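The structure appears below as structure tokens.
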Amino acid sequence: MHPAQSSGVIGRGLPRIDGPAKVTGQALYGADQPAPDPAYACLVTATVACGRIHAIDEAAARVVPGLLDIMTHFTVGKAVRPGKLFNDGGYMATTVAPLGSDRVHFSGQVVAVVLAGTFEAARAAAAALCVDYDAEASSASFDSLGSTDVEPKSSGKPELAAGDFDTAFAGAPVMVDAHYATPPNHQNPLELFQVTCDWSGDELTVWESTQNVRGAQHGIAAQLGISPRKVRVISPYIGGAFGSRGELGQHTALVALAAKRLGRPVKLVASRAQCFDLRTFRAETRHHVRLAADWEGRLLALSHESWELTSRTEQFALAGSDQTARLYACPNIRTKVHAVAADRQTPGFMRAPPETPYLFALECAMDELAAALGIDPLDLRRRNDTMRNPVDNLPYTSRSLLQCIDAGAAAFGWDARTPQPGSMRDGDELVGYGYASAFYPAQIAPADARVTLTADGHAIVEVGTHEIGTGIQTVVAQVASDRLGVPMEAIEVRTGDSALPAAPLSAGSNSTASVCTVVAMACEKLHRRVARRAVLDRSSVLHRADPDGVRLRDGKAAVGTKAEPLAVAIRRVAPDGVLVVKATNNPHGAPPLVGPSKVRQGNVVHKGGSALKDRMQFAFGAQFVEVRVDRATGQIRVPRMVGAFAAGRIMNRRTAHAQLTGGQLWGLSSALHEVTEIDRRSARYMNASLGEYHIPVNADIGQVDAIMVDERDDQVNPLGIKGVGELGTTGANAAVANAIAHATGVRVRELPIRIEDVLASEFL
Ligand code: MOS
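This is how it looks when you write it as structure tokens:
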């Protein structure tokens, strides 16, 4: 397959095709879907983290005008099944059956669904419902009484070993031995969790924002005990996801059941506070990193031991050391992941799930090692670059870390950095420059697509991927435009519907690679059908031409200067003027034959990163951050971030830039702002609102630049796409921490970093 035709549309920073619909309010999100005469659901959630529901007093709720019904474990019970956890090949964010029993496993568990004729009445009745608990002692987090070590369950390997770490570490001349910690975070997409369910006979339609329409379809069907063929999930526009909408939450099947029982559509929009509990979150982590090097800065030993918080019901772990321990050349490696269970909701994925905590630890430790060696942090990375992963010696398909370092350092002005902490000043401010490496697995999954080209020059691309805000429809249209010779405006891209050809879960930065590849395949198939028939037709000017030389361009089928109208070429194959072609891709590493059928059932078949048997697929980057710390107050500001990233072929420079800079900002947020605070006595969140869960605003950042370093990789997939959705945030939190250490001489190893952490600086 050719990576691209010569149209020039691939890579160009074209504006998003869904932009006008969004800014004019015509884009309909899940909760906007018009359902005739809906009832409204409001959730009541547990106010204790562990215990049993002792009694539910419905009296005050029952008299609220407009109340229709109250669903509790008494009336639901086994009517909704628990379902398997996402990480175990299922679809669920938790295996706790919604309203399945009186048992409370975590704060925020749904304990009742109140149904009424208006949203206001449902909310009023929900507030009037009195739930009485037999509360039991709860464990909040690490170090809490009753929290227990459990075996971690992860798609990443919880243990790696190469060489002999202990001997190498003990005998090394320079070493770092440090502990790091990252806090719980929540994804907090702007669009609240919502669902609208409508039955027509035994057929259920679900409008819900999800990263996996097929997974939702099959998951809801399994929970309700019906055939997936009776369930359709529609998710046209999505107001952010970031991992929060990959799994089915507690609420969806309950709303489907409510709609069935009431015999009318039911709509639910959860509150922001409830969104902290209904699905997953980023769990708190701890890390013990030990690095050793020779005097030249060559790594001799690396050990990364980690602890991740999980729930009582699931042993979820990210095991990010499976990736990060392979980043640099090192002969002696050891990793171990521990999971610690407490009375909390089950954690899950949040943008760059393993890399955000694990690279924070590793890249801070690398910075500390550079300081201990007295060498430049960039030089330390240069001296440990490798084209093979050190754990099992597999080659990287491409790796442009050093090119990123060079490009980023030049743009940032790293040369101006004086190494001594506290040595750079500007008036009353301490200035710090920090660096960290970025990397993220390049993944691809099986997918189906259908492309329709009509004689009037219009194309429809149908692929059940998800517009989670990244601009996927635009890059898909670019691929079709390039290959079919049809202008962007004449292409309609249909996504977000389980009835469309199957595309994978939109997560792990796989969608551009997975979807563009299969759409390109469909277009090529279409091209072949048109071209082969054209060259056989004696009446065509293309008669006897080489079919591979035929180009679809500007509404014509052409070879050199000979051309015929596209309409003629299409009608030759499809007399009604509507040519439909389907394609399926099963990429390298995916199980033969069953790969696509698994994706059709909403299962995860992402392949790449360090999970392939024969090679390593990663995108790389270099994060540069300037911080300024006020010498009087200790206030930390970030005037500047520069990232340089190499991620194979960039399909659209504008949407890629938005993804990368958005990621960098989220790294700043991780470093300085975000934490979900937990009350250690009650194991409940204390700041479940956007008022109290801090995120950066414009005033918190001066300038953010993302440089895209050219990289060609013909191995990852035919188009050479690595994906950029998560790459931009990886390492950015460590770069901020490293800049603060440079500015103040204070090494803060726990996020988020606050004023009080740097007040001990001798330079303040
Ligand atoms: Mo993402 S955390 O890969 O949805």
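Numbering of the sequence shown is given in my numbering, commencing with residue 1382 and proceeding in unit increments.
Ideal placement from N, C-alpha and C gives every residue a C-beta, glycine not left out.
Nothing here was measured: the structure is a model prediction, and the numbers come from that model.
Put residue i into one of helix, strand or coil per three-state DSSP.
i	result
T2057	coil
L1649	strand
D2011	strand
D1579	strand
E1686	strand
K1465	coil
A1508	helix
D1524	coil
C1423	strand
V1557	strand
T1778	coil
E1665	coil
N1765	coil
E1501	helix
P2020	strand
I2076	coil
N2068	coil
R1952	helix
Could you check where the alpha helix (DSSP H) with residue i kicks off and where it finishes?
i	result
H1567	Here H1567 belongs to no alpha helix (DSSP H), and DSSP marks it neither H nor E.
F1487	Per DSSP, F1487 belongs to no alpha helix (DSSP H) and is neither H nor E.
S1862	1853-1865
E1589	Looking at the DSSP string, E1589 is not in any alpha helix (DSSP H), and its letter there is neither H nor E.
E1744	1736-1754
H1908	1892-1917
V1605	The sequence shown places Leu at residue 1605, rather than the Val named in the question. First-last of the alpha helix (DSSP H) with L1605: 1594-1605.
R2128	Looking at the DSSP string, R2128 is not in any alpha helix (DSSP H), and its letter there is neither H nor E.
I1398	No alpha helix (DSSP H) holds I1398; DSSP gives it neither H nor E.
D1703	1702-1705
Quick check: residue i and residue j, are their CB atoms within less than 8 Å of each other?
i	j	result
G1620	E1572	yes
V1614	V1594	yes
D2010	T2125	Note that residue 2010 is Val in the sequence shown here, rather than Asp. Going by C-beta atoms, V2010 is nearer than 8 Å to T2125.
N1891	P1885	yes
G2029	K2103	yes
N1967	T1898	no
V1445	A1497	yes
G1970	P1822	no
Q1592	A1622	yes
R1761	L1750	Note on residue identity: the sequence assigns Leu, not Arg, to residue 1761. Cβ distance < 8 Å, so L1761 and L1750 count as in contact.
R1693	D1724	yes
S1522	R2061	yes
P1738	T1666	yes
V1647	A1639	yes
W1676	V1555	yes
Q1982	H1632	no
P1419	R1645	yes
Y1410	F1500	no
Can you grab the Cα-Cα spacing for the pair residue i / residue j, in whole Å?
i	j	result
A1871	L1395	15 Å
V2056	G1789	29 Å
Q1407	S1590	16 Å
A2069	P1564	14 Å
A2025	P1617	33 Å
V2147	D1807	As shown, the chain starts at 1382 and ends at 2145. That puts residue 2147 outside it, with no answer to give.
V1867	A1840	7 Å
G1627	R1660	9 Å
R2065	A1654	11 Å
A1746	R2130	9 Å
D1413	S1895	29 Å
D2086	G2106	16 Å
I1853	A1880	18 Å
A2023	Q1784	Reading the sequence as shown, one finds Val at residue 2023 and not Ala. Between V2023 and Q1784, the C-alpha separation is close to 14 Å.
Residue range of the beta strand (DSSP E) that residue i falls in?
i	result
N1966	1959-1966
F1623	F1623 -> no beta strand (DSSP E), and no H or E assigned at all.
E1810	1810-1822
V1874	1872-1875
Q2084	2082-2089
Does the stretch 1818-1830 come close enough to the stretch 2126-2140 that 3 or more CB-CB pairs lie under 8 Å?
Too few Cβ pairs lie closer than 8 Å, so no.
Does the pairing of the stretch 1538-1548 with the stretch 1709-1726 give three or more beta-carbon distances under 8 Å?
Judged by pairs of C-beta atoms under 8 Å, the stretch 1538-1548 touches the stretch 1709-1726, as three or more such pairs exist.
So, do the stretch 1791-1803 and the stretch 1699-1717 have three or more beta carbon pairs nearer to each other than 8 Å?
No, the stretch 1791-1803 does not touch the stretch 1699-1717.
Three-pair Cβ contact test at 8 Å for the stretch 2086-2102 versus the stretch 1776-1785
Touching, per the Cβ criterion.
Between the stretch 1931-1947 and the stretch 1906-1922, can you find at least three pairs of beta-carbon atoms closer than 8 Å?
The count of Cβ pairs closer than 8 Å, one atom from the stretch 1906-1922 and one from the stretch 1931-1947, reaches three, so the stretches are in contact.
Is there contact here, the stretch 1462-1473 with the stretch 1424-1439, by at least three beta-carbon pairs under 8 Å?
With a cut-off of 8 Å, the stretch 1424-1439 and the stretch 1462-1473 do not count as touching, because too few Cβ pairs lie within range.
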